[in-house]
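**Q** Counting in UniProt numbering, the sequence shown runs from 1 upward without gaps. Just so it is clear, CB atoms sit at the ideal spot from N, CA and C, and this is done for glycine as well.
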Amino acid sequence: MAIPDNSFSMSNMLNALPPLRLAPKYPKGISDSMPPPGFTPRASEYTDLFNIMISDELVHLFKKIISPLDRKDLRKMASLLTSDSDHFMEIATNKNGSRRFQKLLGISDDVDNLFFAAIMRRFLHIMTHKYASYVAIRAMVVFDEEKKKVMYDHILHHLLDLVCDRYGCIALNEIITDSDDLYYRAQMLDFVAHHALCLSNDPSGNFVVQHVLKLYDLRCTHNVAVSLRGHCVDLSFKKYGSYIVEKLLEAEESMVVVVVELLECNRDRLMRLARNEFGNFVVAKALKFTMEMSRIDLFWGLVEKLMPFLPFLRNSHGSNIANILDGLI
């Protein structure tokens, strides 16, 4: 009795596709019709698969292509995609390739094992790339706990690189939000809080500090406030720094840290802050939240310091503050 052929075949996949403008099946050798010395059928399979992974024409067909494949075929396909780090990165850094890699994750342990090894070989490169980072983010959701632990350890090791990178900071924010591991989540939040001052003055790091404050984790918010104590006024003069200070005003404990600093700065500096294009929002929010949180002592302390400058606030960036003060007269 004949034994059925269950070997993985790219031709079976390609036969299911409509005509595509694929890259040449063989890389050009001495002539266009002859493959170069040493070229193997496996390289031909990879070229076909590469085109499937990155083609714009397969956005809606990729799931249909892989659905007939059994576990063995999926493992062989994953092996072909992940065995060479350069080829893996070429797909992962492509917008379509990244999306299709994400769809392959979580299908089976065998596939996940191969992708895990490929991700770890180029971990920092992947985490700091616009598209490839989403492969790692997806992996952190679907991988088993053992793999996640290894990835978390690498994240902690590279935290400063990630938090100060344009795309790494976005990936880190996603991972912090999705994290269900209390230990590693606390480690990441503690790092951000401890380095909040230097991160607040970094374009990417600032984005991470804002993000962790939006999680409304009381311990993290407290630690950020402690790190920024004495620097809130300086930050309030800056566009992105003012965003962080505004978030601190939304929790009572950290609000007190900010408002006390406002009350302790000299009147001229407070007036300049109130008239500043960014700082005016901080001062207005300080008035708003001290009243809403029934911290009347802090509210009237600010009013007393600001009232002498009311005429100078009306026709400036501080007009919103002037409106609040006018309502008290």
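(1) Please name the residue in His317, Pro311, Gly205, Phe101 whose C-alpha comes closest to that of Ile137.
(2) Please classify Phe299: is it buried, with 16 or more other beta-carbons within 10 angstroms of its beta-carbon, or exposed?
(3) With a Cβ-Cβ cutoff of 7 Å, do Cys232 and Val258 count as a contact?
(4) Using the beta-carbon count (16 or more within 10 Å), is His129 buried or exposed?
(5) If you count every other CB in all the chains shown that lies within 10 Å of the CB of Thr177, and 16 or more means buried, which is it?
(6) In angstroms with no decimal places, state the Cα-to-Cα distance between His222 and Phe191.
(7) Return helix, strand or coil for Lys238, following the three-state DSSP convention.
(8) DSSP state of Leu287, grouped into three classes?
(9) Which one of Cys265, Lys238, Lys285 has the shortest CA to CA distance from Leu248?
(10) CB Leu159 to CB Gly168, shorter than 7 Å?
(11) Tell me the start and end of each unbroken alpha helix (DSSP H) in the UniProt repeat "Pumilio" (79 to 121) that is at least 4 residues and wholly inside, in chain order.
(12) Checking 7 Å against the spacing of the C-beta atoms, do Ser204 and Leu235 come in under that value?
(13) From Ala196 to Gln210, what distance separates their C-alpha atoms?
(14) Give the secondary structure of Thr128 by DSSP, where H, G and I count as helix, E and B as strand, and everything else as coil.
(15) Measuring CB to CB, does Ser242 end up less than 7 Å from Phe278?
(16) Alpha carbon to alpha carbon, how far is Asp202 from Ser79? Give it in angstroms, no decimals.
(17) Roughly how many angstroms lie between the CA atoms of Asn276 and Phe237, to the nearest whole one?
(18) Could you tell me the distance, in whole angstroms, from the CA atom of Ile126 to the CA atom of Ala132?
(19) Give the straight-line distance between the Cα atoms of Ser316 and Val303, rounded to the nearest whole angstrom.
(20) According to DSSP, is Phe143 helix, strand or coil?
(21) Can you tell me whether Val226 is buried or exposed? The criterion is at least 16 other CB atoms within 10 Å of its CB, across all chains shown.
**A** Walking through what the data contain:
(1) Residue 137 sits at position 137 when you count from the first residue of the sequence shown. Closest option to Ile137, Cα to Cα, is Phe101.
(2) Within the sequence shown, the letter at position 299 stands for residue 299. So Phe299 ends up on the buried side.
(3) The residue you call residue 232 lines up with position 232 of the sequence shown. The residue you call residue 258 lines up with position 258 of the sequence shown. Yes, the pair counts as a contact, with Cβ atoms nearer than the cut-off.
(4) Here residue 129 refers to the residue found at position 129 of the sequence shown. The residue in question, His129, is buried, as its Cβ has 16 or more Cβ neighbours within 10 Å.
(5) Position 177 of the sequence shown holds residue 177. Exposed: under 16 other Cβ atoms inside 10 Å.
(6) Within the sequence shown, the letter at position 222 stands for residue 222. Within the sequence shown, the letter at position 191 stands for residue 191. For His222 and Phe191, the distance between alpha carbons rounds to 13 Å.
(7) Counting from one through the sequence shown, the residue named residue 238 turns up at place 238. If DSSP states are grouped into helix, strand and coil, Lys238 belongs with coil.
(8) As a position in the sequence shown, residue 287 is number 287, starting the count at 1. Correct three-state label for Leu287: helix.
(9) Here residue 248 refers to the residue found at position 248 of the sequence shown. Leu248 has its Cα closest to that of Lys285, out of Cys265, Lys238, Lys285.
(10) For the purposes of this step, residue 159 is taken as residue 159 along the sequence shown, with counting starting at 1. For the purposes of this step, residue 168 is taken as residue 168 along the sequence shown, with counting starting at 1. Their beta carbons are not under 7 Å apart, which means Leu159 does not touch Gly168 by this criterion.
(11) 85 to 92, 95 to 104, 109 to 121
(12) Working through the sequence shown from its first residue, we reach residue 204 at position 204. Working through the sequence shown from its first residue, we reach residue 235 at position 235. Pairing Ser204 with Leu235 gives a Cβ-Cβ distance that is not under 7 Å.
(13) Translated into the one-based positions of the sequence shown, residue 196 becomes position 196. Translated into the one-based positions of the sequence shown, residue 210 becomes position 210. Their backbone Cα atoms lie some 10 Å apart in a straight line.
(14) For the purposes of this step, residue 128 is identified with residue 128 of the sequence shown, where counting begins at 1. Note: Thr128 maps to coil in three-state DSSP.
(15) Locating residue 242 in the sequence shown gives position 242, counting from the first residue. Locating residue 278 in the sequence shown gives position 278, counting from the first residue. A contact, by the Cβ cut-off of 7 Å.
(16) Start at 1 with the first residue of the sequence shown, and residue 79 comes out as number 79. Start at 1 with the first residue of the sequence shown, and residue 202 comes out as number 202. Near 40 Å, if we compare the C-alpha coordinates of Asp202 and Ser79.
(17) To locate residue 276, count along the sequence shown from 1; it is residue 276. To locate residue 237, count along the sequence shown from 1; it is residue 237. Taking the straight line joining both Cα atoms gives about 7 Å.
(18) Numbered from its first residue, the sequence shown carries residue 126 at position 126. Numbered from its first residue, the sequence shown carries residue 132 at position 132. If I take the Cα positions, the gap works out to 5 Å.
(19) For the purposes of this step, residue 316 is taken as the residue at position 316 of the sequence shown. For the purposes of this step, residue 303 is taken as the residue at position 303 of the sequence shown. C-alpha separation (whole angstroms): 18 Å.
(20) Counting from one through the sequence shown, the residue named residue 143 turns up at place 143. Coil at Phe143, not helix or strand.
(21) Indexing the sequence shown from 1 puts residue 226 at position 226. Burial call: exposed.
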